[in-house]
Amino acid sequence: SIMGRTMGALGNLTFVLCIIIFIFAVMGMQLFGKNYVDYVDRFPDGDLPRWNFTDFMHSFMIVFRVLCGEWIESMWDCMLVGDVSCIPFFLATVVIGNLVVLNLFLALL
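Last residue of the sequence shown: number 109 in full-length UniProt numbering, and the count goes up by one each step with no gaps.
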């Protein structure tokens, strides 16, 4: 009975986590996606970095990477093509996604 209630709550929280990732991925794609294509020459080798906001799949993966704690390099890449507006986006992603939602997720386990 305890395991059943935990799995129900875990399913709900997983759904909330997916929605948070989706929202931040779409927001990053809308805010910074065009900059990656327009200013690709600012990168040292002239190629897009692996982690970028050009399409939804890459945006989803970069937000997932931020939630895993690997956000500094991605933020610097974003700042190369954008400006300091990347900082509040990445900090909000870390605070809301990592510190709030993932800690709730771990509290259920």
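For each residue, glycine too, the CB sits at the ideal point set by N, CA and C.
Model, not experiment: these values are computed from the prediction.
* Looking at the structure shown, is residue 39 part of a helix, part of a strand, or coil, going by DSSP? -> Of the three classes helix, strand and coil, the one that applies to residue 39 here is coil, per DSSP.
* Asked: Taking the alpha-carbon positions, what's the residue 94 to residue 71 distance?
  -> Their backbone Cα atoms lie some 8 Å apart in a straight line.
* If I'm right that residue 28 touches residue 1 with Cβ under 8 Å, what's the distance once you round it to whole angstroms? => Residue 28 to residue 1, Cβ: 41 Å. No contact.
* Please state whether DSSP places residue 71 in a helix, a strand or coil. => Residue 71 falls in the coil class under three-state DSSP.
* To do: For residue 46, name the three-state secondary structure that DSSP assigns.
  => In this structure, residue 46 counts as coil in the three-state DSSP scheme.
* When DSSP labels each residue in this structure, what does residue 112 get in the three-state scheme? -> A query on residue 112 cannot be resolved here, the shown segment of the chain reaching from 1 to 109 and no further.
* How would you write the range of the alpha helix (DSSP H) that residue 87 sits in, first residue to last? -> Where residue 87 is concerned, the enclosing alpha helix (DSSP H) stretches over 86-92.
* **residue 1 (DSSP reduced to helix, strand or coil)** => Note: residue 1 maps to coil in three-state DSSP.
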